[in-house]
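Written out below as structure tokens is the structure these notes cover.
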Amino acid sequence: MELLTIILLVIIVLLTYLLLKKEKVLGIKTETKDNNDQIKVVENKDYRKNIYDLLNYIPEGIIILDKGKKILFSNNSANKLFQIKLDENISGFLRNPDLLSSIDKSFEGNNISDLEIEIRNQAVQRLNITIYLDQNNLFFDEVCCVLFIRDLTEFHKFQQLKSDFVANVSHELRTPLQSIKMGLETFENNSDLKKNSEVTNLLPVMSSQSERMENLIRDLLSLSKIELQEHIRPTHEIDLIELIDYVIKTYEKIISKNNISIKFNKTDNFKIIGDRDKLIEIFTNLIDNSIKYSDKNKEITITAKKDGEFNTVSVADQGIGIPKESIHRITERFFTVDPSKSRSVGGTVLV
Numbered sequence: 001m002e003l004l005t006i007i008l009l010v011i012i013v014l015l016t017y018l019l020l021k022k023e024k025v026l027g028i029k030t031e032t033k034d035n036n037d038q039i040k041v042v043e044n045k046d047y048r049k050n051i052y053d054l055l056n057y058i059p060e061g062i063i064i065l066d067k068g069k070k071i072l073f074s075n076n077s078a079n080k081l082f083q084i085k086l087d088e089n090i091s092g093f094l095r096n097p098d099l100l101s102s103i104d105k106s107f108e109g110n111n112i113s114d115l116e117i118e119i120r121n122q123a124v125q126r127l128n129i130t131i132y133l134d135q136n137n138l139f140f141d142e143v144c145c146v147l148f149i150r151d152l153t154e155f156h157k158f159q160q161l162k163s164d165f166v167a168n169v170s171h172e173l174r175t176p177l178q179s180i181k182m183g184l185e186t187f188e189n190n191s192d193l194k195k196n197s198e199v200t201n202l203l204p205v206m207s208s209q210s211e212r213m214e215n216l217i218r219d220l221l222s223l224s225k226i227e228l229q230e231h232i233r234p235t236h237e238i239d240l241i242e243l244i245d246y247v248i249k250t251y252e253k254i255i256s257k258n259n260i261s262i263k264f265n266k267t268d269n270f271k272i273i274g275d276r277d278k279l280i281e282i283f284t285n286l287i288d289n290s291i292k293y294s295d296k297n298k299e300i301t302i303t304a305k306k307d308g309e310f311n312t313v314s315v316a317d318q319g320i321g322i323p324k325e326s327i328h329r330i331t332e333r334f335f336t337v338d339p340s341k342s343r344s345v346g347g348t349v350l351v
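Numbering (the working numbering), first residue to last: 1 to 351.
Here it is, written out as structure tokens:
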């Protein structure tokens, strides 16, 4: 998407420059109005031809539409993506309500809009489309709408393959890991083995590492699921107060063991549209980290409040904190401030 935006800006700047030049009369100077008009017509034809030649070198598909959504121009890249005929209505091969609505809004004054759509013709295509309204008659002697189209089909196929691979490997690792855990439990319940000091010292380490491996596999499966469903917009209304209370209750034993108190400042009517499972993962991760990285006998404060049109939730603890130079990286996958500390308490920074 960033590449497409850069290309779009370069094209707009270049075309604006050409627009400023297009009224210049090249060659013979004359004071005769008719001759002057005739020379301008010839120059404008060359100008338009140069523009169309330029657009044919752009790797992204470009389609120019009139107000009736009829195609006035399509470059070579767009012609490779679709079987396009001039004067054809774009809804004939791009039947997507969001796209058609965005084109209408563009003609109403929304200069630039960006969306990602899925088209099911002979094959499924995933497209990123940036819509630009040409009000300066750069391309035609009328206001027209320009579509910059980037084909993301292969990219999404690769993402699907990667997610499938992660999910399959994670499932395959679970079976031998369960066997290892069962074996360790058998050893731990064997009174004769407990008499051996070396075995007694090794068993907790082995159990801890197998638990860590199980958490890693669970997180990898969760990551795979998120990547597969990240383009799906949630539709369910979620009561965040009830959801956070639910997460807090799952940590009651650990909180009691470490003598940590959780203060939850609530507010009424605190609902959002979201995915319940993913929200539980988010708040589990936040609360879990607050407990892990806090000393005993400390307080964790969770505050839910309305901030204008937004609902905000903050989780504040009295733990070791995050250095200022690392704060901008906290959303990076797999990044940990102190890897040695993370290994000792667990966590993969996947969710």
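All residues carry an ideal CB built from backbone N, CA and C; glycine is no exception.
Give the range of the alpha helix (DSSP H) segment to which Ser179 is assigned. Thr153 to Glu188
Please report the distance separating the alpha-carbon of Tyr293 from that of Arg329. 18 Å
I need the DSSP call for Thr348, collapsed to helix, strand or coil. Unreliable positioning characterises Thr348 in this predicted model, as indicated by a pLDDT of 45, which lies under 50. A coordinate reading is not provided.
Does DSSP put Gly319 in a helix, a strand or coil? In this structure, Gly319 counts as coil in the three-state DSSP scheme.
Is Ala316 closer than 8 Å to Asn265 when the C-beta atoms are compared? no
Limits of the beta strand (DSSP E) - the one that Leu243 falls within: Unbroken run through Leu243 is the alpha helix (DSSP H), Leu240 to Lys249; no beta strand (DSSP E).
Rounded to whole angstroms, what is the Cα-Cα separation between Val247 and Asn110? 43 Å
Through-space distance from Thr153 to Asp66, alpha-carbon basis: 27 Å
Quick one: using the 10 Å Cβ neighbour count with 16 as the cut-off for buried, is Phe82 buried or exposed? buried
Do Ile63 and Leu177 count as a contact pair if the criterion is CB distance below 8 Å? Cβ atoms of Leu177 and Ile63: not closer than 8 Å.
Of all the options Leu193, Asp219 and Ser77, which has the alpha carbon lying nearest to the alpha carbon of Asn285? Asp219
Taking only three categories from DSSP, how would you classify Asn50? helix
Grab me the residues of Leu193's own chain with a C-beta within less than 6 Å of its C-beta, minus the 5 sequence neighbours each way, in chain order. Phe187 and Val199
For the alpha helix (DSSP H) holding Asp98, just list the boundary residues, first then last. Pro97 to Phe107 is the span of the alpha helix (DSSP H), which, as asked, contains Asp98.
Count the other CB atoms within 10 Å of the CB of Asp134; is the residue buried (16 or more) or exposed (fewer)? buried
Please state the DSSP three-state secondary structure of Gly27. Confidence at Gly27 is low in this model, with a pLDDT of 38, below 50, so the placement of that residue should be treated as unreliable; the coordinate-derived value is given next. In the structure shown, Gly27 sits in coil (DSSP, three-state: anything other than H, G, I, E or B).
Proximal residues to Cys144 (C-beta, below 7 Å), its chain only, five neighbours per side dropped: Ile64, Leu65, Asp66, Leu72 and Asp134
Following the continuous alpha helix (DSSP H) through Leu279, name the residue where it begins and the one where it ends. Arg276 to Lys292
Taking just the CA atoms, how far does Ile280 sit from Asp268? 19 Å
Quick check on the DSSP output: the beta strand (DSSP E) that includes Ala78 runs from which residue to which? Run containing Ala78: none in the beta strand (DSSP E); it sits in the alpha helix (DSSP H), Asn76 to Leu81.
Compute the Euclidean distance between the alpha carbons of Asn168 and Lys181, then round it to the nearest angstrom. CA-CA distance, Asn168 to Lys181, rounds to 20 Å.
Cutting at 7 Å between CB atoms, please list the residues of its own chain near Leu55, excluding the five before and the five after it. Ile62 and Asn75
How many Å lie between Ile282 and Pro234 at the Cα? Spanning the two alpha carbons is a distance of roughly 15 Å.
Does Glu31 pass the burial test, meaning 16 or more other C-beta atoms within 10 Å, or should it be called exposed? Reliability fails at Glu31, whose pLDDT of 45 lies under 50, so the model's placement of it is uncertain and the value that follows must be treated cautiously. Taking every protein chain shown into account, the CB of Glu31 has fewer than 16 other CB atoms within 10 angstroms, so this residue is exposed.
How many Å lie between Gly27 and Pro59 at the Cα? At Gly27, the pLDDT of 38 sits below 50, so the modelled position is not reliable and the matter cannot be decided from this model.
Relative to the alpha-carbon of Pro204, which residue among Ser222, Gly183, Leu223 and Leu221 has its alpha-carbon at the smallest distance? Closest in alpha carbon position to Pro204, among Ser222, Gly183, Leu223 and Leu221, is Gly183.
Separation of Thr175 from Ser197, as counted between CA atoms: 30 Å
Return the bridge partner residues of Gln125 from the DSSP annotation. Ile119
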